[in-house]
Amino acid sequence: MKEFTIPFVGLKQGEHHFDYKIDNTFFEHFEYDEFNNVTISAEAILVKKSNALEFHFTIKGFVNVYCDLTNEPYDQKVEGEHHLVVNFGDEFNDEDDALLILPHGSYEVTIQQYIYELIILSLPAKRVHPGVEDGTLNSEILEKLKELTPKVSEEDSSEKSDKEIDPRWDQLKKLLTDK
Numbered sequence: 001m002k003e004f005t006i007p008f009v010g011l012k013q014g015e016h017h018f019d020y021k022i023d024n025t026f027f028e029h030f031e032y033d034e035f036n037n038v039t040i041s042a043e044a045i046l047v048k049k050s051n052a053l054e055f056h057f058t059i060k061g062f063v064n065v066y067c068d069l070t071n072e073p074y075d076q077k078v079e080g081e082h083h084l085v086v087n088f089g090d091e092f093n094d095e096d097d098a099l100l101i102l103p104h105g106s107y108e109v110t111i112q113q114y115i116y117e118l119i120i121l122s123l124p125a126k127r128v129h130p131g132v133e134d135g136t137l138n139s140e141i142l143e144k145l146k147e148l149t150p151k152v153s154e155e156d157s158s159e160k161s162d163k164e165i166d167p168r169w170d171q172l173k174k175l176l177t178d179k
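Quick note on numbering: the UniProt record's numbering labels position 148 of the sequence shown as 148, and the sequence is numbered without any gaps.
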């Protein structure tokens with residue numbers, strides 16, 4: 001993972017671009033195995049100033065994951081951005097996700113953790129296959145779910161709606177119309 005370590009001491013002040021192709025081997029380093037296939041391009045723009053460094057990370061691509069409802073694999077689109085400021089201080093501090101403090105005398109910064117977190121946090125909490133949402137996915141699991149859903153007849157629903165209305169509400173509704 002040496003390509004994610006940026007030695008900033010030899011760089012001139014100004015803007016510097018770093019491009020990365022992220023695949024499954026990147027996530028093997030973090031022992032994260034929820035992705036079947038990964039195709040993500042990441043860009044890190046470093047703006048070196050006299051007293052600080054500013055990073056702007058951008059990711060774009062696809063990860064192949066399993067649907068939470070049907071367990072069918074599909075490609076989930078991933079896009080995200082993150083801004084990081086690197087300052088220098090007495091000791092290392094990474095408690096804030098937007099501010100990194102490196103000890104004086106540091107000559108390089110490692111950005112792989114920030115790219116990893118950006119990718120993971122850019123995914124939706126609930127992963128649903130696009131075919132489920134538009135009704136085009138044919139799956140055994142979906143058929144079984146449809147079969148097992150409770151059936152409500154129209155007579156049952158109309159009887160329940162009549163019973164649920166409290167007669168006191170009718171009296172209150174008259175107040176609105178009696179003006």
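Even for Gly, the Cβ is constructed at its ideal location relative to N, Cα and C.
Shown here, residue 113 sits in a helix according to DSSP, grouped into three states.
Per DSSP, reduced to three states, the secondary structure at residue 134 is helical. With respect to the 9 Å criterion, residue 99 and residue 109 are not classified as neighbours on the basis of their beta carbons.
Sequence-distant partners of residue 50 (beyond 5 residues in either direction) whose C-beta falls short of 7 Å from its own C-beta, in its chain, are 13. Distance from the CA atom of residue 118 to the CA atom of residue 148, rounded to whole angstroms, is 39 Å. Sixteen is the threshold: when 16 or more other Cβ atoms of the shown chains lie within 10 Å of the Cβ of residue 38, as they do, the residue is buried. The beta carbon of residue 19 sits closer than 6 Å to the beta carbons of 43 from its chain, once the five residues preceding and following it are set aside; these are given in chain order.
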